[in-house]
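Position one of the sequence shown corresponds to residue 1 (our numbering), numbered consecutively onward. By construction, the Cβ of each residue, glycine as well, lies at the ideal position given by its N, Cα and C atoms. The structure appears below as structure tokens.
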Amino acid sequence: MPKQIAILGSTGSIGTQTLDVVREHPDLYEVYALSANRSVELLIRQAREFKPEVVCIADENYYESLREALQDLPIKVWCGAESIAQMVTFPSVDIVVAAMVGYAGLRPTIEAIRAGKTIALANKETLVVAGELIGDLSRQYHAPILPVDSEHSAIFQSLVGENPEQVEKILLTASGGPFLRHSAEQLLSVTAAEALKHPNWEMGSKITIDSASMMNKGFEVIEAKWLFGVPVEKIQVLVHPQSIVHSAVQFVDGSIKAQLGMPDMRLPIQYALSYPDRLPSSFPRLDLFTYNTLTFMPPDLERFPCLQLAYEAVARGGNIPCVLNAANEVANLAFRQGKIGFMQMPEIIAETMAKATYIAKPTYEDYVATDEEARRYAELKIKN
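Next comes the structure, spelled out in structure tokens:
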């Protein structure tokens, strides 16, 4: 029987590419549930094509439009965050693709884990905010977490068949984003429009800005720590502008295993859905004669301090990574809206981390309170 998939964030970059994989293998996968935040028109088109059991729009203002557009089909139409958290628990769901952006993805991912679902995780903020809690719940409810991020999928693939205790180092690659060659002075005046022009990847606006600031790579360092049980000291970031080596693992004998491919998210998405099997695909192939020069360099933490802030957050531990994420979401949005400059983002995040209430062993309720407190402080800094 085809595996039944629930896609959280089906109208975003990962969600739409997951549906490409379903189109590629309609005999193996069926869409059981779809959710979106506000992109109601695209959600309607997806629902009419894939005819899921349920669709849910997070923003309740779009509920009537969605319901009316689908009233001729036998599809349940829901709205709100509670409904999204509920739909992932349906017994028929086999795999939950967690592709919502930001902190909003935490609650439904937790509910999916508690329901024992396989999680194809694209929402890195879930592990940034509550990595220890997510790991504990995954083990308790026997809910496997398979990475969808290209970097973490590459690490995962490199570790298949290996002894985790023989890992010496994880090599986490970064494209460097659109401002890799910019000076510190130039970074003071870059615009959101410039930051949104990623040289290699097609991503949503929030993640693209995070890539430009290298906060995205900081999040991925934290994510790798929790996914693979590796201390941060063993995770090395390499700036690799070509985005062909998606990441690698170095072992105690000095050998390195890497996963290479075109910068196409459909490949890691398909691997997460099909693991441990590999399925044929029509996706573009990597031609090493075309990409015959691959370069690597260390990141510049002075020009891109967001990466350093992520290292500091995970070193302090407790609820501080949650503070990091909340402040970054607020600052990222403010930059996109033209309220602050590019280099003000790390300033606001650093000040929020310094002022936040520290909790060494946070519960889920503590994470909720921490997120609210950090957002309030960051928003106040922006207004002032």
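With burial defined as no fewer than 16 other Cβ atoms inside 10 Å of the residue's Cβ, what is the status of residue i: buried or exposed?
i	result
Glu296	Glu is not the amino acid found at residue 296; the sequence shown has Phe there. Exposed is the call here.
Arg107	buried
Val97	buried
Glu223	buried
Pro346	buried
Pro26	exposed
Asp371	buried
Lys302	Note that residue 302 is Glu in the sequence shown, not Lys. Exposed, since its Cβ has fewer than 16 Cβ neighbours within 10 Å.
Is residue i close to chain B? Criterion is C-beta to C-beta, closer than 9 Å.
i	result
Ser10	This model lacks chain B altogether; it includes just one protein chain.
Have a look at the DSSP bridge pairing and note the partners of residue i.
i	result
Met297	Val239
Tyr311	Tyr311 pairs with nothing; no bridge assigned.
Phe251	Val167
Ile57	Ala36, Cys79
Lys257	Val249
Thr173	Leu238
Tyr29	Lys3
Less than 9 Å between the beta carbons of residue i and residue j, yes or no?
i	j	result
Lys381	Thr357	no
Leu307	Met203	no
Thr11	Ala36	yes
Phe304	Val190	no
Gly131	Pro280	no
Leu8	Asn123	yes
Asn249	Ile145	Reading off the sequence shown, one finds Val at residue 249, where the question assumed Asn. For Val249 and Ile145, no; Cβs fall outside 9 Å.
Val22	Phe50	yes
Phe251	Gln157	no
Gln236	Asp94	no
Ser205	Arg316	no
Glu82	Glu151	no
Just how far apart, CA to CA, sit residue i and residue j?
i	j	result
Thr16	Ala331	26 Å
Val55	Asp20	18 Å
Ala33	Tyr62	17 Å
Leu66	His182	44 Å
Val230	Glu41	42 Å
Tyr364	Asn319	10 Å
Thr118	Pro147	11 Å
Met262	Ile269	13 Å
Val314	Asp149	19 Å
Tyr311	Lys234	12 Å
Asp210	Asp287	29 Å
Ala154	Ser255	16 Å
Gly105	Thr126	6 Å
Asn200	Ser175	8 Å
Regarding residue i and the ligand SAM, is the C-beta to nearest heavy atom distance less than 8 Å?
i	result
Gln140	Summarising the ligand content, the structure contains no ligands, and the ligand SAM is consequently not present.
Exercise for review: Enumerate, from N- to C-terminal direction, the unbroken beta strand (DSSP E) stretches of 3 or more residues contained entirely within the segment 180-214.
Suggested key: None, since the segment 180-214 contains no complete beta strand (DSSP E) of that length.
Practice item. Would you list, in sequence order, the uninterrupted beta strand (DSSP E) runs of no fewer than 3 residues that lie entirely inside the segment 108-164? Key: Complete beta strand (DSSP E) runs here, min 3: 118-121, 145-147.
**Study point:** Start-end ranges of the beta strand (DSSP E) lying completely within the segment 316-343, minimum 3 residues
**Key:** Qualifying beta strand (DSSP E) stretches: none in this window.
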